[in-house]
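*Asks:*
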Amino acid sequence: MFFIAGIWLIVNAIRHRPKKWLVICLLAGLLFSTIGSFNAANDDQIVEKDQQIAKLTKEKTTLQAELTSTKEENAALVAKETARKEKSEEKQRQLAEKKQAEKDKKEAKELAKAEREAKAIAAKKEKVARKQVQAAEKEKQEQATKEKAAEKSVASSSQKSTSSPKTTTATPEKHGAIKGSVNKIYHVPGSTYYDRTTNVVQWFNTVEEAEAAGYRAPKR
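This is how it looks when you write it as C-alpha coordinates:
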(Lines of atoms letter the chains of each structure in order from A and count residues from 1; the text may use other names and numbers.)
(Lines give C-alpha, C1' and ligand atoms only; values in the text may rest on other atoms or scores of the structure.)
Protein backbone atom coordinates (compact mmCIF):
# COMPACT_ATOMS: atom_id res chain seq x y z
CA MET A 1 0.00 0.00 0.00
CA PHE A 2 2.89 2.36 0.82
CA PHE A 3 4.56 1.34 -2.39
CA ILE A 4 1.53 2.38 -4.48
CA ALA A 5 1.27 5.66 -2.61
CA GLY A 6 4.94 6.37 -3.34
CA ILE A 7 4.51 5.68 -7.05
CA TRP A 8 1.49 7.94 -7.17
CA LEU A 9 3.43 10.79 -5.51
CA ILE A 10 6.35 10.49 -7.94
CA VAL A 11 4.08 10.50 -10.99
CA ASN A 12 2.16 13.47 -9.67
CA ALA A 13 5.34 15.43 -8.94
CA ILE A 14 6.82 14.81 -12.37
CA ARG A 15 3.57 15.87 -13.97
CA HIS A 16 3.32 19.24 -12.21
CA ARG A 17 6.96 20.06 -11.40
CA PRO A 18 9.36 18.53 -13.92
CA LYS A 19 12.37 20.49 -12.63
CA LYS A 20 12.29 18.98 -9.25
CA TRP A 21 12.14 15.36 -10.40
CA LEU A 22 15.64 14.62 -9.06
CA VAL A 23 14.65 15.63 -5.55
CA ILE A 24 11.48 13.71 -5.85
CA CYS A 25 13.34 10.64 -7.09
CA LEU A 26 15.64 10.86 -4.11
CA LEU A 27 12.70 11.16 -1.82
CA ALA A 28 11.05 8.23 -3.55
CA GLY A 29 14.16 6.11 -3.21
CA LEU A 30 14.37 6.96 0.45
CA LEU A 31 10.72 6.11 0.82
CA PHE A 32 11.14 2.83 -1.00
CA SER A 33 14.15 1.94 1.14
CA THR A 34 12.22 2.65 4.32
CA ILE A 35 9.26 0.65 3.10
CA GLY A 36 11.54 -2.23 2.14
CA SER A 37 13.22 -2.24 5.54
CA PHE A 38 9.84 -2.14 7.21
CA ASN A 39 8.55 -5.02 5.07
CA ALA A 40 11.73 -7.03 5.75
CA ALA A 41 11.32 -6.50 9.52
CA ASN A 42 7.71 -7.54 9.26
CA ASP A 43 8.70 -10.63 7.28
CA ASP A 44 11.24 -11.60 9.95
CA GLN A 45 8.62 -11.18 12.67
CA ILE A 46 6.13 -13.24 10.68
CA VAL A 47 8.68 -16.01 10.13
CA GLU A 48 9.56 -15.99 13.84
CA LYS A 49 5.92 -16.12 14.81
CA ASP A 50 5.31 -18.93 12.33
CA GLN A 51 8.21 -20.83 13.82
CA GLN A 52 6.83 -20.27 17.33
CA ILE A 53 3.39 -21.35 16.21
CA ALA A 54 4.83 -24.45 14.54
CA LYS A 55 6.82 -25.25 17.70
CA LEU A 56 3.78 -24.78 19.89
CA THR A 57 1.68 -26.82 17.51
CA LYS A 58 4.26 -29.60 17.58
CA GLU A 59 4.41 -29.52 21.39
CA LYS A 60 0.64 -29.56 21.56
CA THR A 61 0.49 -32.54 19.22
CA THR A 62 3.12 -34.33 21.28
CA LEU A 63 1.23 -33.61 24.51
CA GLN A 64 -2.01 -34.79 22.99
CA ALA A 65 -0.36 -38.00 21.82
CA GLU A 66 1.13 -38.56 25.28
CA LEU A 67 -2.23 -37.84 26.89
CA THR A 68 -3.97 -40.28 24.54
CA SER A 69 -1.32 -42.92 25.26
CA THR A 70 -1.68 -42.36 29.02
CA LYS A 71 -5.47 -42.69 28.80
CA GLU A 72 -5.12 -45.90 26.82
CA GLU A 73 -2.64 -47.29 29.34
CA ASN A 74 -4.97 -46.36 32.21
CA ALA A 75 -7.90 -47.98 30.44
CA ALA A 76 -5.85 -51.14 29.88
CA LEU A 77 -4.81 -51.20 33.55
CA VAL A 78 -8.41 -50.70 34.69
CA ALA A 79 -9.60 -53.49 32.40
CA LYS A 80 -6.83 -55.79 33.63
CA GLU A 81 -7.60 -55.04 37.28
CA THR A 82 -11.33 -55.57 36.66
CA ALA A 83 -10.64 -58.92 34.99
CA ARG A 84 -8.35 -59.96 37.84
CA LYS A 85 -10.95 -58.97 40.44
CA GLU A 86 -13.73 -60.82 38.60
CA LYS A 87 -11.53 -63.92 38.28
CA SER A 88 -10.69 -63.78 41.99
CA GLU A 89 -14.36 -63.39 42.95
CA GLU A 90 -15.33 -66.28 40.67
CA LYS A 91 -12.63 -68.47 42.20
CA GLN A 92 -13.78 -67.58 45.73
CA ARG A 93 -17.39 -68.32 44.77
CA GLN A 94 -16.44 -71.72 43.33
CA LEU A 95 -14.38 -72.50 46.42
CA ALA A 96 -17.28 -71.55 48.70
CA GLU A 97 -19.67 -73.71 46.66
CA LYS A 98 -17.23 -76.62 46.81
CA LYS A 99 -16.87 -76.29 50.58
CA GLN A 100 -20.64 -76.08 51.01
CA ALA A 101 -21.13 -79.15 48.80
CA GLU A 102 -18.54 -81.09 50.81
CA LYS A 103 -20.19 -79.97 54.05
CA ASP A 104 -23.64 -81.00 52.81
CA LYS A 105 -22.26 -84.35 51.64
CA LYS A 106 -20.57 -84.97 54.98
CA GLU A 107 -23.71 -84.02 56.93
CA ALA A 108 -25.85 -86.26 54.70
CA LYS A 109 -23.41 -89.13 55.21
CA GLU A 110 -23.39 -88.63 58.99
CA LEU A 111 -27.18 -88.41 59.04
CA ALA A 112 -27.52 -91.63 57.04
CA LYS A 113 -25.05 -93.34 59.38
CA ALA A 114 -26.96 -92.12 62.44
CA GLU A 115 -30.23 -93.37 60.95
CA ARG A 116 -28.70 -96.77 60.23
CA GLU A 117 -27.30 -96.99 63.76
CA ALA A 118 -30.63 -95.93 65.23
CA LYS A 119 -32.45 -98.58 63.18
CA ALA A 120 -29.90 -101.21 64.21
CA ILE A 121 -30.26 -100.28 67.90
CA ALA A 122 -34.05 -100.32 67.64
CA ALA A 123 -33.96 -103.71 65.93
CA LYS A 124 -31.59 -105.04 68.58
CA LYS A 125 -33.79 -103.73 71.38
CA GLU A 126 -36.82 -105.25 69.75
CA LYS A 127 -35.01 -108.57 69.40
CA VAL A 128 -33.87 -108.50 73.04
CA ALA A 129 -37.37 -107.59 74.20
CA ARG A 130 -38.84 -110.40 72.11
CA LYS A 131 -36.36 -112.86 73.59
CA GLN A 132 -37.13 -111.62 77.08
CA VAL A 133 -40.84 -112.11 76.49
CA GLN A 134 -40.21 -115.57 75.09
CA ALA A 135 -37.93 -116.43 78.03
CA ALA A 136 -40.52 -115.17 80.51
CA GLU A 137 -43.25 -117.20 78.84
CA LYS A 138 -41.04 -120.26 78.76
CA GLU A 139 -40.11 -119.82 82.41
CA LYS A 140 -43.75 -119.34 83.28
CA GLN A 141 -44.68 -122.51 81.42
CA GLU A 142 -41.84 -124.44 83.08
CA GLN A 143 -42.86 -123.13 86.49
CA ALA A 144 -46.45 -124.07 85.85
CA THR A 145 -45.37 -127.53 84.74
CA LYS A 146 -43.21 -127.95 87.84
CA GLU A 147 -46.00 -126.76 90.10
CA LYS A 148 -48.40 -129.25 88.54
CA ALA A 149 -45.83 -132.00 88.95
CA ALA A 150 -45.27 -130.98 92.57
CA GLU A 151 -48.99 -130.91 93.24
CA LYS A 152 -49.34 -134.35 91.75
CA SER A 153 -46.44 -135.59 93.85
CA VAL A 154 -47.87 -134.06 97.01
CA ALA A 155 -51.30 -135.48 96.28
CA SER A 156 -49.82 -138.88 95.70
CA SER A 157 -47.85 -138.70 98.95
CA SER A 158 -50.95 -137.58 100.83
CA GLN A 159 -52.96 -140.47 99.44
CA LYS A 160 -50.28 -142.95 100.47
CA SER A 161 -50.05 -141.46 103.92
CA THR A 162 -53.85 -141.60 104.34
CA SER A 163 -54.20 -145.12 103.09
CA SER A 164 -51.40 -146.60 105.22
CA PRO A 165 -50.57 -144.46 108.22
CA LYS A 166 -47.44 -145.32 110.11
CA THR A 167 -46.38 -144.39 113.59
CA THR A 168 -42.94 -142.96 113.24
CA THR A 169 -41.03 -140.13 114.72
CA ALA A 170 -42.00 -136.67 113.62
CA THR A 171 -39.89 -135.95 110.56
CA PRO A 172 -40.24 -133.09 108.03
CA GLU A 173 -41.19 -135.46 105.24
CA LYS A 174 -44.41 -136.36 107.05
CA HIS A 175 -45.59 -132.79 106.66
CA GLY A 176 -45.25 -132.49 102.87
CA ALA A 177 -42.73 -132.50 99.98
CA ILE A 178 -42.45 -128.74 99.37
CA LYS A 179 -39.44 -127.16 101.06
CA GLY A 180 -39.58 -123.72 102.68
CA SER A 181 -36.15 -122.08 103.04
CA VAL A 182 -34.95 -119.43 105.47
CA ASN A 183 -35.23 -116.90 102.60
CA LYS A 184 -38.99 -117.36 102.52
CA ILE A 185 -38.79 -119.20 99.18
CA TYR A 186 -40.49 -122.53 98.56
CA HIS A 187 -39.10 -125.20 96.25
CA VAL A 188 -41.22 -127.93 94.75
CA PRO A 189 -39.82 -131.38 93.89
CA GLY A 190 -38.09 -131.40 90.50
CA SER A 191 -37.28 -127.66 90.52
CA THR A 192 -33.74 -126.36 89.95
CA TYR A 193 -32.83 -125.69 93.57
CA TYR A 194 -34.96 -128.36 95.24
CA ASP A 195 -32.13 -130.80 95.90
CA ARG A 196 -29.70 -128.00 96.73
CA THR A 197 -31.94 -126.51 99.41
CA THR A 198 -30.81 -127.91 102.75
CA ASN A 199 -31.74 -125.08 105.07
CA VAL A 200 -35.37 -126.13 105.26
CA VAL A 201 -37.31 -124.45 108.04
CA GLN A 202 -40.78 -125.60 107.07
CA TRP A 203 -42.46 -128.19 104.84
CA PHE A 204 -45.69 -127.77 102.91
CA ASN A 205 -48.11 -130.11 101.22
CA THR A 206 -49.30 -127.66 98.55
CA VAL A 207 -48.15 -124.47 96.86
CA GLU A 208 -51.19 -122.67 98.20
CA GLU A 209 -50.19 -123.66 101.70
CA ALA A 210 -46.66 -122.31 101.20
CA GLU A 211 -47.89 -119.01 99.71
CA ALA A 212 -50.40 -118.66 102.53
CA ALA A 213 -47.51 -118.96 104.97
CA GLY A 214 -45.72 -116.05 103.27
CA TYR A 215 -43.36 -117.99 100.98
CA ARG A 216 -42.86 -117.27 97.29
CA ALA A 217 -41.67 -119.23 94.28
CA PRO A 218 -38.05 -118.78 93.08
CA LYS A 219 -37.41 -116.42 90.17
CA ARG A 220 -35.65 -119.13 88.23
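Here the sequence shown stands for residues -40 to -1, 1 to 180, numbered as in mature numbering (1 follows the signal peptide of the UniProt record, and there is no 0).
Glycine included, each C-beta is placed from N, C-alpha and C at the ideal position.
Keep in mind the model is a prediction, meaning the values are calculated, not measured.
Can you give me the start and stop residues for the beta strand (DSSP E) that V160 sits inside?
*Replies:* If you number the sequence shown from 1, residue 160 lands on position 200. Run containing V160: 160 to 164, per the beta strand (DSSP E) assignment.
*Asks:* Could you give the residue range of the alpha helix (DSSP H) that holds V167?
*Replies:* Locating residue 167 in the sequence shown gives position 207, counting from the first residue. It spans 167 to 172 - the alpha helix (DSSP H) in which V167 sits, taken as one unbroken run.
*Asks:* Under 7 Å Cβ to Cβ from A82, same chain only, skipping five residues before and after it: list those, please.
*Replies:* One-based indexing of the sequence shown puts residue 82 at position 122. Same-chain partners within the cutoff: there are none.
*Asks:* So, helix, strand or coil for K139, using DSSP?
*Replies:* Locating residue 139 in the sequence shown gives position 179, where the first residue counts as 1. Looking at K139 - three-state DSSP - the assignment turns out to be strand.
*Asks:* Find out if the Cβ-Cβ distance for the pair I138, R176 is shorter than 8 Å.
*Replies:* Looking up residue 138 in the sequence shown gives position 178. Looking up residue 176 in the sequence shown gives position 216. For I138 and R176, no; Cβs fall outside 8 Å.
*Asks:* Would you kindly work out how many angstroms separate the C-alpha atoms of D10 and K31, rounded to a whole number?
*Replies:* Stepping through the sequence shown from its first residue, residue 10 is reached at position 50. Stepping through the sequence shown from its first residue, residue 31 is reached at position 71. In a straight line, the C-alpha of D10 is about 31 Å away from that of K31.
*Asks:* Per DSSP, Y146 is paired with what?
*Replies:* For the purposes of this step, residue 146 is taken as the residue at position 186 of the sequence shown. G140, per the DSSP bridge assignment.
*Asks:* Using the beta-carbon count (16 or more within 10 Å), is A170 buried or exposed?
*Replies:* For the purposes of this step, residue 170 is identified with residue 210 of the sequence shown, where counting begins at 1. So A170 counts as buried.
*Asks:* On the DSSP bridge list, what partners appear for R176?
*Replies:* Taking the sequence shown and counting its residues from 1, one reaches residue 176 at position 216. In DSSP, R176 forms a bridge with I145.
*Asks:* On the criterion of 16 or more Cβ atoms from any shown chain inside 10 Å, does K100 qualify as buried, or is it exposed?
*Replies:* Position 140 of the sequence shown, counted from the start, is the residue given in the question as residue 100. Classification of K100: exposed, given that the 10 Å Cβ count is below 16.
*Asks:* In three-state terms, what does DSSP make of R53?
*Replies:* Translated into the one-based positions of the sequence shown, residue 53 becomes position 93. In this structure, R53 counts as helix in the three-state DSSP scheme.
*Asks:* Which class does S151 belong to by DSSP, given the choice of helix, strand or coil?
*Replies:* Translated into positions along the sequence shown, residue 151 becomes position 191. S151: coil per DSSP, three-state reduction.
*Asks:* Use the C-beta contact count for G174: other C-beta atoms within 10 angstroms, 16 or more gives buried, fewer gives exposed.
*Replies:* Taking the sequence shown and counting its residues from 1, one reaches residue 174 at position 214. When all chains shown are included, G174 counts as exposed.
*Asks:* Given a threshold of 16 other Cβ atoms within 10 Å of its Cβ, counted over all protein chains shown, does residue 186 qualify as buried or as exposed?
*Replies:* Here the chain has residues from -40 to 180 only, and residue 186 is not among them.
*Asks:* Can you give the Cα-Cα distance for G70 and K59, rounded to whole angstroms?
*Replies:* Position 110 of the sequence shown, counting from 1, holds the residue named residue 70. Position 99 of the sequence shown, counting from 1, holds the residue named residue 59. Gly is not the amino acid found at residue 70; the sequence shown has Glu there. If you take the alpha carbons of E70 and K59, they lie about 16 Å apart.
*Asks:* Would you check if the distance between the CB atom of T158 and the CB atom of H147 is smaller than 8 Å?
*Replies:* The residue labelled residue 158 in the question sits at position 198 within the sequence shown. The residue labelled residue 147 in the question sits at position 187 within the sequence shown. Contact: no.
*Asks:* Mapping the DSSP letters down to three states, classify T157 as helix, strand or coil.
*Replies:* Here residue 157 is taken as the residue at index 197 of the sequence shown, counted from 1. Of the three classes helix, strand and coil, the one that applies to T157 here is coil, per DSSP.
*Asks:* Among residues of its own chain, excluding the 5 on either side of A80, which ones have a beta-carbon nearer than 7 Å to its beta-carbon?
*Replies:* On the sequence shown, residue 80 is found 120 positions in, with the first residue counted as 1. For A80, where only same-chain residues beyond five positions count, there are no Cβ hits under 7 Å.
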